[in-house]
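Notes follow once the structure below has been shown.
Residue numbers (this note's numbering): 1438 to 1702.
Now the structure itself:
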């Protein structure tokens, strides 16, 4: 009998249908088996992997910790941290509602520290430093203070959703001695909205969470360009104003004195 006949299929020994391996990853290991011992950070690298590892290790507390760091150290971008929190939640590593709550707590704690810093520094101390800077006079400081006195509530609320200003807006709020209860309410509301949008977006997109970071990055770039344009326009305006004063024989340093209590609320 030929050798090949001894290996013919029988009722007791039939070849495995190739369709039974459909959908398995390389190596034939089911995805759910890999997921059971895997991590959402496995396919990430650098800061993203470290952030997800923190979140997986500490859970929602890790999200709050990362957002807290973002508030006091802006180079850590919430545009990256928050979508990653949503992505981690989508992998079943934590509850998305808890992630939003702790992210908001982290935002508020960081903001309160900066509010306290602004209150400690005080507006008069900053004003005395500001008027020593080129092109800045007391009138500029008064206009800025008056603007914040009129629009401070909206600035704190909407500022929590704008890159760069998100952290910095807490300092002038402290300098102008905004009531802590009001500051907490506005900061919590603004932060909760921003955090919810980015975390839910990251959760919805799952492994495509980086799309959120990309578009948030575009928004941040628009803000940066707007700030740069504003500063350039302001500098040009101030230079022309000083030139006109000099041409008229006026003293351009006459408004550099700050009186004690000049900016009291």
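Don't be surprised by glycine CBs; every beta carbon is placed ideally from N, CA and C.
{"query": "Quick check on the burial criterion: 16 or more other C-beta atoms within 10 angstroms. Buried or exposed for residue 1508?", "result": "buried"}
{"query": "Using CA atoms only, rank isn't needed, just tell me which of 1585, 1548 and 1488 is closest to residue 1621.", "result": "1548"}
{"query": "How do the segment 1630-1647 and the segment 1550-1565 stand: do at least 3 beta-carbon pairs fall below 8 Å, yes or no?", "result": "no"}
{"query": "Would you kindly report the start and end of the unbroken alpha helix (DSSP H) that includes residue 1532?", "result": "Neither: residue 1532 is in no alpha helix (DSSP H) and is coded neither H nor E."}
{"query": "Which same chain residues end up closer than 8 Å to residue 1604 when comparing Cβ atoms and leaving out the 5 residues on each side of it in sequence?", "result": "1507, 1508, 1509, 1511, 1547, 1548 and 1551"}
{"query": "Hey, quick one: how far does the alpha helix (DSSP H) through residue 1646 stretch, first residue to last?", "result": "That residue, residue 1646, is in no alpha helix (DSSP H); it is neither H nor E in DSSP."}
{"query": "I want to check one thing, is the minimum distance from the CB of residue 1632 to the heavy atoms of the ligand FMN below 6 Å?", "result": "Annotation note on the ligand FMN: not contained in the displayed structure, which lists no ligands."}
{"query": "Taking the alpha-carbon of residue 1534 as reference, which of 1680, 1582 and 1635 has the nearest alpha-carbon?", "result": "1635"}
{"query": "Put residue 1492 into one of helix, strand or coil per three-state DSSP.", "result": "helix"}
{"query": "Within the same chain, show all residues whose beta-carbon is closer than 7 Å to that of residue 1643, passing over the 5 residues directly before and after it, in chain order.", "result": "1524 and 1527"}
{"query": "When we look at the beta-carbon of residue 1646 and count the other beta-carbons within 10 Å, is it buried (16 or more) or exposed?", "result": "buried"}
{"query": "Are any of the Cβ atoms in chain B nearer than 7 Å to that of residue 1539?", "result": "No chain B is present in this structure, which holds just one protein chain."}
{"query": "To the nearest angstrom, how far is the alpha carbon of residue 1501 from that of residue 1543?", "result": "4 Å"}
{"query": "Helix, strand or coil for residue 1610, going by three-state DSSP, please let me know.", "result": "helix"}
{"query": "Please list, in chain order, all residues of the same chain as residue 1499 whose beta carbon is under 7 Å from its beta carbon, the five residues on each side excluded.", "result": "1491 and 1492"}
{"query": "How far does the alpha helix (DSSP H) with residue 1591 in it reach, from first residue to last?", "result": "1575-1596"}
{"query": "Drop a sphere of 10 angstroms on the beta-carbon of residue 1537, count the other beta-carbons inside from all chains shown, and report buried for 16 or more, exposed for fewer.", "result": "buried"}
{"query": "Would you check if the distance between the CB atom of residue 1602 and the CB atom of residue 1596 is smaller than 7 Å?", "result": "yes"}
{"query": "Go to residue 1565, then tell me how far its alpha helix (DSSP H) extends in each direction, as first and last residue.", "result": "1560-1567"}
{"query": "Let me check understanding here. Comparing Cα to Cα, which of 1496, 1489, 1488 and 1539 lies closest to residue 1632?", "result": "1539"}
{"query": "At what residues does the alpha helix (DSSP H) containing residue 1509 begin and finish?", "result": "1497-1509"}
{"query": "Can residue 1516 and residue 1626 be called in contact, C-beta distance under 7 Å?", "result": "no"}
{"query": "Excluding the 5 residues flanking residue 1469 on each side, which residues of the same chain have their C-beta closer than 7 Å to its C-beta?", "result": "With a pLDDT of 41 at residue 1469, under the threshold of 50, the modelled position of that residue is not reliable, and no figure is offered here."}
{"query": "Around the C-beta of residue 1566, are 16 or more other C-beta atoms found within 10 angstroms, so that it is buried, or is it exposed?", "result": "exposed"}
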